[in-house]
Amino acid sequence: MDKKVALVSGANKSIGFEVVRELAKLGMIVYLGSRDEANGTKGAEELKVDGDVRFIQLDVLDENSMVLAIKKIEQEHGKLDVLINNAGIASASSDFKDFSASTVSIDEVKAVFSTNFLGSVRLTQLALPLLRNSKSGRIVNTSSQAGSFEFMTDVENKYPKPFAYCTSKLALNGATVLFADELRDTGIKVNAAHPGLVSSALSNYMGNRTGQDGAKIIIQLATLDDDGPTGGFFDENGVVPW
């Protein structure tokens, strides 16, 4: 049987790790993308009990790394059915300081945008020829409610609104819509997912949700039927306002 092939970036821990697990359980060949070879290899070995999981070196800040990863998948399968743009950072610093619009450094903005937005856009561009070879290509961008205008404009909202993170996810949502619009007639569906506030290194362990919880909506969007939505923003309960 012609198995589906999936690629998940930033997948050696937390949400990405659980997404790999669940896609493998569904019978897909899943490439666990990780910048760090040791962590990625360890993660892939751990998940082999769940299915066909393969480590692939993937750094969304490194063009050559992305090119080589896509070339490897092309050589081995000639197609890609599912792309999960999951790699992301909350901040370029290690102290998770809440950078406001008036004080954030441009270096911080560039660093966060490079991973959360530019890396996802470039990986999508490189993967599209293989996704076009799929009978039902699916692209899921791991976004955040922090990138929602409703979230940012709610004056009653007391959650932190770090400038670089919020605007990078807002930009990723915009990219989701534009890719979906361009690909609407191809059968490739492109959607953004809000996994909720997951307790992880990215959230400085402030969340009350597990990686498994966060993976649910990503799996739903990665396995949409042909009549499913495209160009939308969703959590596991439905549509998330832009």
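Per this note's numbering, residue 72 is the first one in the sequence shown, and the count goes up by one each step. Glycine residues also receive a C-beta, built at the ideal position from the N, C-alpha and C atoms. Since we're looking at a predicted model, the values are computed, not measured.
For residue i, three-class secondary structure by DSSP
i, result
"valine 192", "helix"
"aspartate 306", "strand"
"threonine 257", "coil"
"isoleucine 155", "strand"
"isoleucine 210", "strand"
"methionine 72", "Model confidence at methionine 72 stands at a pLDDT of 48, short of 50, so the residue's coordinates are unreliable and nothing is read from them."
"alanine 251", "helix"
"asparagine 262", "strand"
"asparagine 204", "coil"
"valine 228", "A quick correction: the sequence has asparagine, not valine, at residue 228. Asparagine 228 falls in the coil class under three-state DSSP."
"threonine 186", "helix"
"threonine 294", "coil"
"isoleucine 160", "coil"
"aspartate 121", "helix"
Beta-carbon separation (whole angstroms), residue i vs residue j, contact threshold 8 Å
i, j, result
"serine 214", "phenylalanine 304", "7 Å"
"serine 191", "valine 131", "7 Å"
"isoleucine 127", "valine 211", "17 Å between Cβ atoms; not a contact."
"isoleucine 141", "leucine 201", "7 Å"
"isoleucine 155", "threonine 186", "Not quite, the Cβ-Cβ distance comes to about 15 Å (not below 8 Å), so this is no contact."
"alanine 198", "leucine 249", "That belief does not hold up - the Cβ atoms of alanine 198 and leucine 249 are roughly 16 Å apart, past 8 Å."
"proline 153", "alanine 293", "With the sequence shown as reference, residue 153 is identified as valine, and proline is not the correct amino acid for it. Contact holds; Cβ gap of about 5 Å."
"alanine 82", "glycine 122", "Incorrect: roughly 14 Å between the Cβ atoms, too far for contact."
"serine 207", "glycine 258", "6 Å"
Residue(s) in a DSSP beta bridge with residue i
i, result
"glutamine 128", "Ser105"
"isoleucine 100", "Val76"
Extent of the continuous alpha helix (DSSP H) run through residue i
i, result
"valine 311", "Unbroken run through valine 311: none, as it is neither H nor E."
"valine 90", "85-96"
"isoleucine 141", "134-148"
For residue j and residue i, the rounded distance between their alpha carbons
i, j, result
"glycine 302", "alanine 246", "9 Å"
"tyrosine 276", "alanine 217", "Below a pLDDT of 50, predicted positions are generally treated as unreliable, and tyrosine 276, at 46, falls in that range; the measurement from the model is reported next regardless. Taking the straight line joining both Cα atoms gives about 16 Å."
"valine 138", "glycine 104", "13 Å"
"glycine 114", "arginine 92", "10 Å"
"valine 76", "leucine 189", "23 Å"
"asparagine 308", "methionine 223", "20 Å"
"glutamate 108", "phenylalanine 170", "31 Å"
"leucine 118", "glycine 111", "11 Å"
"isoleucine 86", "glutamine 291", "14 Å"
"glutamine 283", "asparagine 204", "30 Å"
"aspartate 225", "serine 219", "10 Å"
"arginine 106", "leucine 243", "21 Å"
"glycine 267", "arginine 193", "25 Å"
"valine 180", "proline 233", "10 Å"
"aspartate 306", "serine 80", "19 Å"
"asparagine 157", "proline 231", "21 Å"
"valine 311", "serine 162", "23 Å"
"glutamate 253", "leucine 295", "18 Å"
"aspartate 177", "phenylalanine 184", "Sequence inspection shows isoleucine at residue 177; the aspartate mentioned does not correspond to that position. Rounded to the nearest angstrom, the two C-alpha atoms are 10 Å apart."
"leucine 129", "glutamate 227", "39 Å"
"leucine 97", "phenylalanine 88", "15 Å"
"aspartate 298", "aspartate 73", "22 Å"
"serine 274", "serine 164", "With a pLDDT of 45 at serine 274, under the threshold of 50, the predicted position of this residue should be treated as unreliable, though the coordinate-derived value follows. Taking the straight line from one Cα to the other gives about 13 Å."
N-terminal and C-terminal residue of the beta strand (DSSP E) that residue i is part of
i, result
"alanine 172", "Per DSSP, alanine 172 belongs to no beta strand (DSSP E) and is neither H nor E."
"alanine 217", "Unbroken run through alanine 217: none, as it is neither H nor E."
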